[in-house]
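Heads up, the thing below is written out as structure tokens.
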Amino acid sequence: MGDLLRDLRFSVRMLTKSPVFTLAAVVTLALGIGLNAATFSAVRGIMLRPLGGTDHPEELVQLYRKWPGMDYGSTSVPHFQDLRDRTGGVFSNVAAWGFVQSALSVDGRPERLMGLMVSANFFQTLGAEMQLGRAFIPGTEDTGPGAHPVIVLGHTFWQSRFGGDPAIVGRTLEINGHPFEVVGVANPEFRGPATFANMPFYAPLMMQRELNPGFDMLQARGSNSLNVVARLRPGVSLEQAEQRLAAFLGEMRDELPGDYEEQLGTSVVWQNEAGFHPTVRDAQFGLSKVILAVVALLLLIACVNVANLFLARAQDRRKEMGIRLSLGAGRWHIVRQLLTESLLFGLLGGVAGLGLAAVALHFLGDIRPPMDGPWDFNLGMDRTVLLFTFGIAMASGLIFGLAPALQSANPHLSVAVKGESAARPGKSRASRALVVVQMALSLLLLISSGLFLRSLQRASEIDPGIAEPQNLVTASLDPALLSYGPEQSRALFDRLLGELRAEPGITAAGMTDALPLGLDGSDRSVEVPGYEFAEGELRSLMTAIVSEGYLEAAGVRLVEGRTFEQRDDEAGAPVIIVNEAFRNRFWPGESGLGKTVRTAGEDRTVVGIVETGKYRSLGEDPTEFMFLPQRELFRSNMSVVVRTTGDPNAALGRLRDIVRGLDPDLPLYDLRTLQDHMGIALMPARLGGSVLGLFGLLGLTLAAVGIYGVMAYSVSQRRREIGIRMALGARRGTVVAMVMREGLRLVLVGSVLGLVGAFFASRAVAGLLYGSGGLDVVAFVGVPTVLIGVAALAVLLPARRAAGVQPVRALRSE
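In this text, residue positions in the sequence shown follow the working numbering: the first is 230, and each later residue adds one.
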């Protein structure tokens, strides 16, 4: 312990002795460590952190129905109820939850909020205690549709909207015009089952008709819109649960063959591995792994820079080390002392990095999806993040400190005591190797960043199948939230569209229940006479319910037939419009007009064929899509789409004014241009491109600074050699060329290694990129050219300084 304290005191003296050196090393390390800490905290907060405020979250699993082409399907209310009642042997509790949009009124002011409707045993299943009041009562508040108008408030919502008033329990709030009694407030750590949201309220599933009027899912076995979470009984394995679920599915097939003949099974996923949903988690995790790898590369580049600084300082301290060795100091003592110094630098870099991480997380926490909702990414730093930061700080200290320590502890004594180099100045193999490693890592980092920037560019250029989206605006509304009936809602929609179409500058207006490239939308099973589905072939296809005028407003090009008209209502013949991908799959080489498709409970006649667009993601392959008429299949929750020839923001303002004139209490939400709405689809590419682009610029800066530092130090160590050369007649150009050759040789070797690494890295991330499959000429040619150019400039500056050496001064200085 005494030796350690002496080493620490000596390290502190050395740290304060060279403040410029200390600042350069600590800032470089803080950049690498801080970005790693911030990235790890973000990934952990969104995907890896167990559900807060729950009991033994490691026992929780999520259950998904498997269909042809779909491994993670949702569940209907009747199916959930059977699942809950028949699988008690393996699960101690099975609960269901689903998002719901409702208008909650506080003091008579309606506000549209996204909450959760949950089974009555939801809180008991998760083991979430209440801060105030009680949870829902299983066996009571999960029976009798509409009989139990009670809610539990989220803790954050209770604090922000009601000031943490403990008298909130027992108070009555209105949801969609119906009174609901507040019976509890959730504990502060419990935010809900989705890690990216902080839910404001929870209501019993049996109140679905009041929460989501105009849509009855309580009796519809085919209406799959719920997520299911279950708690395994002690001693029950995942395999045993899967076996019981397979037996349960067999029982349901025997009882209800028409409802279960297509279901393939049930996927069981650990809740902490699935997150909100496995498909969402997989997409997030793929990009997160890339970002984590990139920031790790950035940290390695920073460590290489600091290692070069320590190697340079080690050359200056050779005389000191030689004297200490000659006086009897052991080599292990020297190594321990130097490693203590490097670990102290690493610790300081970690402390500074935590400050940088806190700033970065503050900005990341302000990012919101381009849609309304209770989004909260919970990006705070906890004990795990602090331990992670401490670990990488210490590891960084070892990485950059080990090679200089070993080299300094093994000098040639007689040469070291004289203060001379045992080898030719500037020819340190370790230093040259670090330059090569730095170039390779920098090129790998920059090409990876370039691939994602190019992917973002290509994603922005993809045709979404919507003409001139910059001229479209959209907003969502739901008259049923204010207890409008179907006929009242229809009348309001007709007046709204009529007034919009009469506005100067507005050329078309329509409505849809699923905007393209959004998170809404539903799938419907189809049957096509004469077409036999293969085993495992997808039978449920994407569908949107739209009004007349929507396809014209959205700029969807009609290929054949007609669009919907007012006659396509409940009294008219059932009709459908499909896209070209649908026609090509079911009637290849034929027109498709007049053909029959059975879906939504009717045999429907195809009256129109439209161009295939992009519906759920920009990178999707041509996908079948169906449009159904709203006048026949009424929906209350709709999005208005308006095409304008003027300023889109002015059109949004006019849309808001018209709705306020029709009903000032009707909530209007998600007001935006369609281009802003499409940001939902572009968000992963934009996040990846912007974050990795920033990291790439930082990597380029670190590479340039590092190469310049090494070459500048090399020139300073060769002043005498260069002075002799110039005294013997060497020209300035010869000296510049000599230094440039040495530096660029290392740069080119590192570039070749970096290109090889980037090639294999591009194969690994190809699935996350748009259009290129991982190989991109601009990234693989342009990025190395830029990096080599910057490196050449970093070498040129010390080379020009070397050529300016005065021979007489150089010789005298020795």
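All residues carry an ideal CB built from backbone N, CA and C; glycine is no exception.
Three-way DSSP call (helix, strand, coil) for Glu216 in this model: One cannot answer for residue 216 here, as it falls past the ends of the chain, which runs 230 to 1043.
Test item: CB-CB of Leu333 and Phe477 under 8 angstroms: Position 104 of the sequence shown, counting from 1, holds the residue named residue 333. Position 248 of the sequence shown, counting from 1, holds the residue named residue 477. No, the pair does not count as a contact, with Cβ atoms beyond the cut-off.
Within 8 angstroms, do at least three Cβ pairs link the stretch 814-829 to the stretch 877-891? Contact between the stretch 877-891 and the stretch 814-829 is absent: fewer than three C-beta pairs spanning the two stretches fall below 8 angstroms.
Three-way DSSP call (helix, strand, coil) for Ala696 in this model: Position 467 of the sequence shown, counting from 1, holds the residue named residue 696. Coil, per DSSP.
In chain order, what residues of the same chain lie with their CB nearer than 8 angstroms to the CB of Glu490, ignoring the 5 residues before and after it? As a first step, residue 490 must be located in the sequence shown, where it is residue number 261. Excluding residues within five positions, the ones whose Cβ falls inside 8 angstroms are Arg482.
Tell me, please, which residues DSSP counts as bridged to Asp752. Within the sequence shown, numbered from 1, the residue matching residue 752 stands at position 523. For Asp752, which the question treats as bridged, DSSP gives the partners Met771.
For Leu197, which residues from the same chain have a beta carbon less than 6 angstroms from its beta carbon, with the 5 sequence-adjacent residues on both sides left out? As displayed, the chain neither begins before 230 nor continues past 1043, which places residue 197 out of reach and without an answer.
Three-way DSSP call (helix, strand, coil) for Ala652 in this model: Counted from its first residue, the sequence shown places residue 652 at position 423. The predicted position of Ala652 is uncertain, since its pLDDT is 43 and thus under 50; a value taken from the coordinates is nonetheless stated next. Ala652: coil per DSSP, three-state reduction.
To the nearest angstrom, report how far apart Glu777 and Arg420 are at their CA atoms. In the sequence shown, residue 777 corresponds to position 548, counting from 1. In the sequence shown, residue 420 corresponds to position 191, counting from 1. Distance between the alpha carbons of Glu777 and Arg420 is about 41 angstroms.
Leu721 to Leu615, Cα distance in whole Å? For the purposes of this step, residue 721 is identified with residue 492 of the sequence shown, where counting begins at 1. For the purposes of this step, residue 615 is identified with residue 386 of the sequence shown, where counting begins at 1. Note on geometry: alpha-carbon atoms of Leu721 and Leu615 lie some 55 angstroms from one another.
Output needed for Leu674: all residues of its chain with C-beta closer than 8 angstroms, excluding positions within five of it in sequence on either side, in chain order. As a position in the sequence shown, residue 674 is number 445, starting the count at 1. Once the five neighbours on either side are set aside, the close Cβ partners of Leu674 are Val523, Leu526, Leu527, Ile530, Phe924, Gly925, Gly928.
Specify the secondary structure class of His407 as computed by DSSP and reduced to three states. What you label residue 407 is simply residue 178 of the sequence shown in a count that begins at 1. Note: His407 maps to strand in three-state DSSP.
Who are Glu789's beta bridge partners in DSSP? The count along the sequence shown starts at 1 and reaches residue 789 at position 560. Partner(s): Ile838.
Among the candidates Val498, Gly922, Ile366, Pro463, whose CA atom is the shortest distance from the CA of Ser678? Here residue 678 refers to the residue found at position 449 of the sequence shown. Out of Val498, Gly922, Ile366, Pro463, Gly922 has the C-alpha closest to the C-alpha of Ser678.
Starting from Ile691, trace the alpha helix (DSSP H) both ways and give me its first and last residue. If you number the sequence shown from 1, residue 691 lands on position 462. That residue, Ile691, is in no alpha helix (DSSP H); it is neither H nor E in DSSP.
Sorted by chain position, which residues of the same chain lie with C-beta nearer than 7 angstroms to Ala357's C-beta, five sequence neighbours on each side aside? Position 128 of the sequence shown, counted from the first residue, corresponds to residue 357. Once the five neighbours on either side are set aside, the close Cβ partners of Ala357 are Gly282, Thr283, Ala415, Asn416, Phe419.
Tell me whether Pro442 is buried or exposed, calling it buried when 16 or more other Cβ atoms sit within 10 Å of its Cβ. The residue labelled residue 442 in the question sits at position 213 within the sequence shown. Buried is the call here.
Can the beta-carbon of Val323 be found less than 8 angstroms from the beta-carbon of Val457? Locating residue 323 in the sequence shown gives position 94, where the first residue counts as 1. Locating residue 457 in the sequence shown gives position 228, where the first residue counts as 1. Closer than 8 angstroms, so yes.
When Arg687, Val836, Gly327 are compared against Ser452, the one with the closest alpha-carbon: Stepping through the sequence shown from its first residue, residue 452 is reached at position 223. Nearest of Arg687, Val836, Gly327 to Ser452, Cα basis: Gly327.
Beta-carbon spacing of Val755, Thr828 below 8 angstroms: Position 526 of the sequence shown, counted from the start, is the residue given in the question as residue 755. Position 599 of the sequence shown, counted from the start, is the residue given in the question as residue 828. In this structure, Thr828 lies closer than 8 angstroms to Val755 by Cβ.
Three-way DSSP call (helix, strand, coil) for Phe856 in this model: What you label residue 856 is simply residue 627 of the sequence shown in a count that begins at 1. Strand at Phe856.
Quick check: Ala869 and Leu725, are their CB atoms within less than 8 angstroms of each other? Here the question's residue 869 lines up with position 640 in the sequence shown. Here the question's residue 725 lines up with position 496 in the sequence shown. Here the sequence assigns Val to residue 869, which means Ala is not the residue at that position. In contact: Val869 and Leu725 (Cβ atoms closer than 8 angstroms).
Hey, could you find the ends of the beta strand (DSSP E) Arg322 is sitting in? For this step, residue 322 is matched to residue 93 along the sequence shown. Note that residue 322 is Asn in the sequence shown, not Arg. Counting along the chain, the beta strand (DSSP E) containing Asn322 begins and ends at 320-335.
Arg242 in three-state terms, based on DSSP: For this step, residue 242 is matched to residue 13 along the sequence shown. Reduced to three states, the DSSP call for Arg242 is helix.
Give me, in chain order, the residues of the same chain whose beta-carbon lies closer than 7 angstroms to that of Ala449; leave out the 5 immediate sequence neighbours on both sides. As a working mapping, residue 449 is identified with position 220 in the sequence shown. So the qualifying residues of the chain are Ser305.
Cα-Cα separation between Leu770 and Glu853, rounded to whole angstroms: For the purposes of this step, residue 770 is taken as the residue at position 541 of the sequence shown. For the purposes of this step, residue 853 is taken as the residue at position 624 of the sequence shown. Cα-Cα distance, rounded: 7 angstroms.
Closer than 6 angstroms by C-beta to Asp798: which residues in its own chain qualify, once you throw out the five before and the five after it? Chain order, please. Position 569 of the sequence shown holds residue 798. If we look at Asp798 and ignore the five residues flanking it on each side, its Cβ neighbours are Arg860, Glu861.
Segments assigned alpha helix (DSSP H), at least 4 residues, entirely inside the stretch 961-1015: 961-993
Relative to the C-alpha of Thr354, which residue among His285, Ile951, Ala879 is closest? Locating residue 354 in the sequence shown gives position 125, where the first residue counts as 1. Of all alpha-carbon atoms in His285, Ile951, Ala879, the one lying nearest the alpha-carbon of Thr354 is that of His285.
Host alpha helix (DSSP H) of Pro877 (start-end): Taking the first residue of the sequence shown as position 1, residue 877 is located at position 648. Looking at the DSSP string, the run of the alpha helix (DSSP H) that includes Pro877 is 877-891.
Taking Cβ positions, are Val497 and Glu480 nearer each other than 8 angstroms? Locating residue 497 in the sequence shown gives position 268, counting from the first residue. Locating residue 480 in the sequence shown gives position 251, counting from the first residue. It is not a contact, given that the beta carbons lie outside the stated cut-off.
Buried or exposed: which applies to Arg864, given that a residue is buried once 16 or more other Cβ atoms fall within 10 Å of its Cβ? The sequence position of residue 864 within the sequence shown is 635, counting from 1. By the neighbour-count criterion, in which 16 or more other beta carbons inside 10 Å mark a residue as buried, Arg864 falls on the buried side.
Three or more C-beta pairs below 8 angstroms linking the stretch 895-904 and the stretch 608-622: no
Please tell me whether Leu701 and Arg872 are closer than 8 angstroms, where the distance is taken between their beta carbons. Here residue 701 is taken as the residue at index 472 of the sequence shown, counted from 1. Here residue 872 is taken as the residue at index 643 of the sequence shown, counted from 1. Yes, the pair counts as a contact, with Cβ atoms nearer than the cut-off.
At the level of alpha carbons, what is the spacing between Phe1024 and Ala662? One-based indexing of the sequence shown puts residue 1024 at position 795. One-based indexing of the sequence shown puts residue 662 at position 433. According to the sequence shown, residue 1024 is Val rather than Phe. When rounded, the distance between both Cα atoms is 16 angstroms.
Taking the CB atoms as reference points, tell me whether Thr772 and Arg753 lie closer together than 8 angstroms. The count along the sequence shown starts at 1 and reaches residue 772 at position 543. The count along the sequence shown starts at 1 and reaches residue 753 at position 524. Cβ atoms of Thr772 and Arg753: closer than 8 angstroms.
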